[in-house]
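The structure appears right after this line, and notes come after that.
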Amino acid sequence: MKTLLAALVGASMLATSPAALAQSAWTGGDDQPATPLACDASTSPSNPGEYNGGAPTNAPDRKGKALKVVDIPKLVGVGYFNSVAQGMQEAAKQDGNMTITTDGPTKANIDEQITFVDNYITQGVDGILFASNDPVAIAPVLKRALEAGINVVGYDADAEADARQWFVNQALPNGVAKSMIDQLASEIGEEGSFAIVTSTFTTPNQARWITEMTAYAEKCHPKLKFLETVEAQEDNILSFNQAQTLINKYGDELKGILGMTSVATPAAAEAVQQNKLCGKVSVVGLALPNAMKPYVNNDCIKTTILWSTVDLGYAAGLVMRAVADGSLKPGATEFEAGRLGKLQVVNQSQILLGAPKVFTKADINNFDF
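Given below as structure tokens:
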């Protein structure tokens, strides 16, 4: 997640007052305008507008035929994308005529991810599912895939719209921002100081989330004090070390850590627990319930926020099948997503999974992903 990056001034920036928060950009965001939700309620998405996605060139007739699809996430070997892949396999099994293979870099490295996409274009596949590490850098290779007649669908982290056909959006950025900032303020108080542990400053979904968090905090929680954003590459050890560094650097001033990734949030919780700061430093972030159960169940951390990653993968798999069949066309306003029911089309060419959920000690054990 990231914020309004009007200027990327180093890895840290200290905001000592509401005025500083309002006038300064948080590191890690993008430069697009924000649309913060109302402070007291969320709003429903408006008309999606005119389709702005891409289209494959001279794609063969794939309706009802066997599909060979590759899934290339930001990185492999982490619980978040493992559970997304589980949902994709559910969709493939339900379809009965589609195979989805997950393959990708072991670190969230855009150059390596581009190489994987390029290799699968050369090998020849019917479809590419992706979660990008950099929306701009990945666009040229995805466009080459479209030019080769390959169906391209994104999920979790988008690319430039014309570099893919559809994007399955796990939650609207302003909805994520509202959930995160409201929860943070409820735990650390309206004047508490906090820092952010993110993946990289170029990771598109996190950049958008942080931008929206900036705007929502300024509007609804203007006295929150932002300390800095640090990068952790979605690496468990680096995430822990970055959280430890924040704890050491700010001492009693640090009241909360926002985790922008499924790796950063439990790693920050572990750092808080090892430093015996449970109840003194809150960790609010996006993470798999299974990864956060130990910290929530022992009352060190109060909540974790996420969507169903299995549902995200399931929806992405079904969208790929529908795109290949030609049943999901530009101009659609909703998508029939199997057991998920009807999903809304938003932002011209995105399919919205739904609002994020706040998991607490009361219900976190009811979920297994």
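Residues -22 to -1, 1 to 347, numbered by mature numbering (1 follows the signal peptide of the UniProt record, and there is no 0), are exactly what the sequence shown covers, in order.
For glycine and all other residues, C-beta sits at the position ideal for the given N, C-alpha and C.
Under the Cβ criterion (8 angstroms, minimum of three pairs), the stretch 160 to 167 does not count as touching the stretch 312 to 322. Following the DSSP letters along the chain, one finds F94 inside the alpha helix (DSSP H) bounded by residues 88 to 101.
Approximately 6 angstroms separates the beta-carbon atoms of K46 and T77; this is inside 8 angstroms, confirming the contact. For F108, the enclosing beta strand (DSSP E) stretches over residues 105 to 108. Spanning the alpha carbons of F145 and K307 requires a straight line of approximately 13 angstroms.
Straight-line spacing of the CA atoms in G309 and G332 works out to 20 angstroms. In this structure, I329 is the residue among G295, I329, A302, T80 with its C-alpha nearest to the C-alpha of T311.
Around Q251, the same chain offers Y273, C278 as residues with beta carbons nearer than 7 angstroms, after the five sequence neighbours per side are excluded.
Within the DSSP secondary-structure output, E138 pairs in no beta bridge. DSSP places Q161 within a helical segment (H, G or I) once states are collapsed to three. Our two residues, F337 and G32, have alpha carbons roughly 36 angstroms apart in a direct line. Check the Cα spacing between T178 and each of A302, G237, E190: the tightest is with G237. In the structure shown, the three-state DSSP call for Q143 is coil. For S260, the enclosing beta strand (DSSP E) has its first and last residue at 260 to 263. Inter-residue distance for K280 and A109 is about 29 angstroms (C-alpha atoms, whole angstroms). For A302, the enclosing alpha helix (DSSP H) stretches over residues 287 to 303. An exposed status is given to N97, since fewer than 16 other beta-carbon atoms sit within 10 Å of its beta-carbon.
In its chain, beyond the 5 residues on either side, S157, L264, P334, V336 have a beta carbon closer than 6 angstroms to the beta carbon of I283. Around N30, the same chain offers A139, D140, Q326, S327 as residues with beta carbons nearer than 8 angstroms, after the five sequence neighbours per side are excluded. DSSP places T223 within a helical segment (H, G or I) once states are collapsed to three.
Considering only N111, A269, L107, the residue with the shortest C-alpha distance to E90 is N111.
Each of Q72, L202, V103 was checked against the Cα of S164, and the nearest Cα belongs to L202. The DSSP-derived three-state label of L321 is strand. Exclusion of the five residues before and after I235 leaves F172, A173, V175, A221, L224, A246, V259, V261 as the residues of its chain whose Cβ lies within less than 7 angstroms of its Cβ. Taking C-beta atoms as the reference points, G6 and L53 fail to come closer than 9 angstroms. Residue burial annotation: T80 is buried, with at least 16 other C-beta atoms found within 10 angstroms of its C-beta.
Within the model, the alpha-carbon separation for V62 versus W4 is close to 30 angstroms.
In summary, D104 is buried, with 16 or more beta-carbon neighbours lying within 10 Å of its beta-carbon over all protein chains present. Each residue's CA atom was taken as its position, placing K43 and T287 some 27 angstroms apart. Taking each of A70, D346, T239, N343 in turn and checking the Cα distance to D213, the smallest one comes out for T239.
Here the alpha carbons of D8 and R186 stand approximately 6 angstroms from one another. The residues A210, in chain order, have a CB closer than 7 angstroms to that of L216 in the same chain once the five nearest residues on each side in sequence are set aside. Just measuring C-alpha positions, the residue of A242, T243, E248, E206 sitting nearest E231 is E206. In the structure shown, F59 adopts helical secondary structure according to DSSP, grouped into three states. CA-to-CA, the gap between Y292 and A149 works out to about 15 angstroms.
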